[in-house]
Structure formats: structure tokens, C-alpha cells
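Numbers given in the numbering used here equal positions in the sequence shown, counted from 1, plus 78. Backbone N, C-alpha and C define an ideal beta-carbon position, used for all residues, glycine too. Worksheet: the structure to be examined is printed underneath.
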Amino acid sequence: MAESPIASVELHRISLPTRREHKWSGLTEPLGGYVLVKVADENGVAGWGEAPVLKDWGGEFGRYFGETPGTTISVISQYLAGAVCGCPPGEIAEIHERMDRMIKGFPYAKAALEIAAYDLAGKQCGLPVHRLLGGALRRKIPVTHSIGLIGFEQAEREAAQAVQEGVLTIKIKVGVDPDRDVKMVRRLRDTLGPHIALCVDANCGYRTVAEAVRTFRRMEQSNLIYFEQPVEGIERLAEVARAIDAPVMADESAWNAHDVIQIAEKRAAQIVSIYTTKPGGLYRAMEVAAVARAAGIICNVNGSVETGIGNLANLQFAAAAAPVVLSCVVPVSTPAQAQSPGKVAGIYYKDDLIAEPMRFVDGAIELPSGVGMGIAADEEKIRHYTIETVKIG
Ligand SMILES: [Mg+2]
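Dropping the structure here:
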């Protein structure tokens, strides 16, 4: 059974409803319109992965750009599914070779398929995926709650509630208007008191290096732990990093291991935000982590507000990757039947696609210990939220 190859690939375009609007600079579409990938072996054992595709997501002046549900479905069904069928799911390096030989780019499509292969391989071997990545260095993943671009009173209420539920780090989306951003940070610091860690993410929103530096200097009085992606471009990040005391975090500028080499050479950031998707899957994300570690760069795991399917991969990776020492901006994936009215911390969707809720204790998600990704996919729920299905093989 351990060697049973991938026999079929099935794609589900889903639409999972959000509880509230969550926006950041540059985002123009609702979250939750993603693509799920199911791979199955000849015995019918299945693994699941997710491409949390956003057309507005990208970086480095057009070097990187998002996918859409349509492009992801097209690339997987036309090129990638045929390339990986027949390959044992545990042959991850071979799966990457086959996918990269077939078509360049499209890291989100490749990540979804690779994550599904990892899930299936774990089930075939009877092991959780973090064991396939080298084992768990941590069993609790602290959660940063992200406050989107919303009004002052709403942000204060949401942040205070998240903190009351145990969250210790709040990320504030900025990069819109310097005066508004400075006021928002100050008001949240006043609301939450001195002991909660605050950070800001501009999503490349400041127009110039000078605007970013001046704005950060005004916000700095509120004691911020890092300044995430103030402007677009590794060279411009380096200019900001030279001008401020707090560490800069690279997100839109850091997709793969090669980017981290550039970031280290140019001293553009002391922190890199790793995703399971930007580099094209867990195997590639471990490469990013290895380069970051060698360069003395610390990391968090960040994502695109995945559903529980993709978020399980975030947790498996965050547990195994050595330089991931910061709290992670990952959801606390919770199916509707387990949601309590009024709870906000890390819960972005009205429902979720996994059979059990993630366990959120003292501001951290406990690493699920089941085989594969740790918690089973809820196939009935997935069918319920599916708006298009494509079967290959
Ligand atoms: Mg970010």
C-alpha cells in the first residue's frame, strides 16, 4: 500500500462564505473563492490540498502574480494532473520535477497538488505530514490575529475581543493613508495596553520609501515588533530597513529560496514571511526555511486566509520549519457546528471544510496529531460549497 501511486485527481472550485469583510491594500475580491485538489490512489485513499488563489496577489513589480480559480483549474487539468498520475505520492521531489518539466510557474496550482500528495503519502505511511518534513519542533502554533482595513471603532472592538480570547499578537493592515494608519495604531495600542505585541503590514501600500519611513517613525511610538512589506521591491525594502530600528518583514518580496538569497545579500529584511503556496508547496517552503536559517533570518507563516484544508498544511509546516519562531497569521479553522457566537479570534469563515475544529488554547493552535494533514477533510461540506468539479483519471 505504501507505494500505491496517484491514480486520479479531482478539482473542486469552492465558495466559502466569510463572517465579515477582511481587506488589505490592493485586494479587490472576496476571500474563500478557492480551488481544492483531491488526489486518490488505486485503493481509494485520498489526500487533499488547496490553492487559495487571489488575482490581486503578487510582488516585485510583476515578477510574481496571483492565479485565479480558472487558471489553476486549467493548469492542473491540462498539464499537472497527467504529470503526477502514476507517481507514488511520497516521491515528492520527483513530483516537483515532473510538474516543473511540464510547465513553468503557477506555484499555487503546484502547491495544491503537492500538499494533496503529502496528505496521501502520510496516510499511506500512517504518519502525520510534519514527520515527513523532519518532525515537529513545536506542538503549539501561536496565532496572530489580523485586523483588516476597517473603521476605528470596529477595529478596537475586534482586536479587544481577539485578545480576550487569548491572542497575544495583533497585526494591523496599513498602507492606505499615513494619518489614518498612525491614528489606527495609536488607538489600538491605547485599547489593548502595553503587553500585546503589535505589528503593521502595508502590503506594498506606501508610494515611496520616504512616505513609509516617515509614517513608521510616527507609528513607532506605539512600540511595533516589525514593519511588514512597507513598499514594493527588494531594493526599496532595503532602503526602509536601513532607515528604521525595527525589523522589516518581507512578504510580497519573498516567494522562493532564491528571493531570500537576494534579501540577505541586500540586507532588505530581518524577517521573511513564508507561505506553503508562494514557493509552490511544502517541500519548496522547507527550502525557503533552510536558506532563511542559513542567513540568520527569522520567519513566520502567513497565508491567504486558507480554508481548513490549506491551513492544515500551514500548521504542519510551521511545526517543522526551524526558523519559524514568530507567531503565525493563520486562521483558527472552525466548522459552523463548533463556532460559538461572538468569538472572533482567527475565525474568518462562517463554516469550514474539516471534520473537526482546530484546537485553540492560550492563543495557540495545537498541532493536530492524526495521519496525513492531521484532521480529515469533511467531504460532505466540500460538496456543499463546491460550485464546479473537474475529474481527471
Ligand atoms: Mg503580508
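Within the chosen limit of 7 angstroms, ligand 1 does not reach the beta carbon of Glu-172 with any heavy atom. Residue pairing from DSSP places Leu-114 in a beta bridge opposite His-90, Glu-128.
Counting along the chain, Tyr-361 sits inside the alpha helix (DSSP H) bounded by residues 360 to 373. Note that the C-beta distance between Lys-344 and Ala-316 is below 8 angstroms. DSSP places Lys-249 outside any alpha helix (DSSP H); the residue lies instead in the beta strand (DSSP E), whose first and last residues are 247 to 251. Between the alpha carbons of Glu-384 and Pro-325 lies a gap of roughly 26 angstroms.
In summary, Glu-313 is exposed, with fewer than 16 beta-carbon neighbours lying within 10 Å of its beta-carbon over all protein chains present. Judged by beta-carbon spacing, Ile-248 lies within the 8 angstroms limit of His-223, meaning their Cβ atoms are closer than that value. The three-state reading of DSSP puts Glu-175 in helix, counting H, G and I together. Between the region 268 to 275 and the region 228 to 244 there are three or more C-beta pairs closer than 8 angstroms, enough to call the two in contact. Distances taken from the Cβ of Gln-307 to the heavy atoms of ligand 1 include one shorter than 7 angstroms. Rounded to the nearest whole angstrom, the CA to CA distance from Gly-183 to Arg-265 is 42 angstroms. Val-260 sits away from Val-287, with the two beta carbons spaced by 8 angstroms or more. Under the three-state reduction of DSSP output, Tyr-142 falls in the strand class. Two segments are said to touch when three or more pairs of C-beta atoms, one from each, lie closer than 8 angstroms; by this definition the region 459 to 468 does not touch the region 434 to 450. About 19 angstroms separates the Cβ atoms of Leu-94 and Ile-154, ruling out a contact at the 8 angstroms cut-off. Runs of the beta strand (DSSP E) spanning 3 or more residues and lying entirely within the region 317 to 362 occur at 326 to 328, 349 to 352, in chain order. Within the model, the alpha-carbon separation for Trp-126 versus Ala-391 is close to 10 angstroms. Membership of Tyr-463 in the alpha helix (DSSP H) is indicated by the continuous run 457 to 463. In this structure, ligand 1 has a non-hydrogen atom nearer than 7 angstroms to the beta-carbon of Asp-329.
One Cα belongs to Gly-226, the other to Leu-215, and the distance between them is close to 31 angstroms.
Taking the Cβ atoms as the reference, Ser-382 lies roughly 10 angstroms from Trp-102, outside the contact range of under 8 angstroms. Residue range 185 to 203 is occupied by the alpha helix (DSSP H) that includes Asp-197.
Partner residues in the beta bridge of His-223, as assigned by DSSP, are Ile-248. A direct Cα-Cα distance of roughly 16 angstroms separates Pro-308 from Trp-333. The DSSP-derived three-state label of Asp-257 is helix.
Per DSSP, reduced to three states, the secondary structure at Gly-388 is helical. For Val-291, no beta strand (DSSP E) run applies; the uninterrupted alpha helix (DSSP H) run containing it begins and ends at 287 to 297, by DSSP. Checking the 7 angstroms criterion, the Cβ of Ser-351 is within range of a heavy atom belonging to ligand 1. Val-207: member of the alpha helix (DSSP H) spanning 207 to 210, first to last residue. Counting every other CB atom within 10 Å of its CB across the protein chains shown gives Phe-305 a total of 16 or more, marking it as buried. The straight-line gap separating the alpha-carbon atoms of Ala-416 and Pro-435 is approximately 7 angstroms.
Distance from the CA of Asp-257 to the CA of Val-263, rounded to the nearest whole angstrom, comes to 10 angstroms. His-273 is classed as exposed because its beta carbon has fewer than 16 other beta carbons within 10 Å across all chains shown.
A distance below 6 angstroms between beta-carbons, with the five flanking residues on each side excluded, links Lys-133 to the following residues of its chain, in chain order: Gly-144, Thr-146. Here Gly-148 carries a helix assignment [DSSP, helix/strand/coil].
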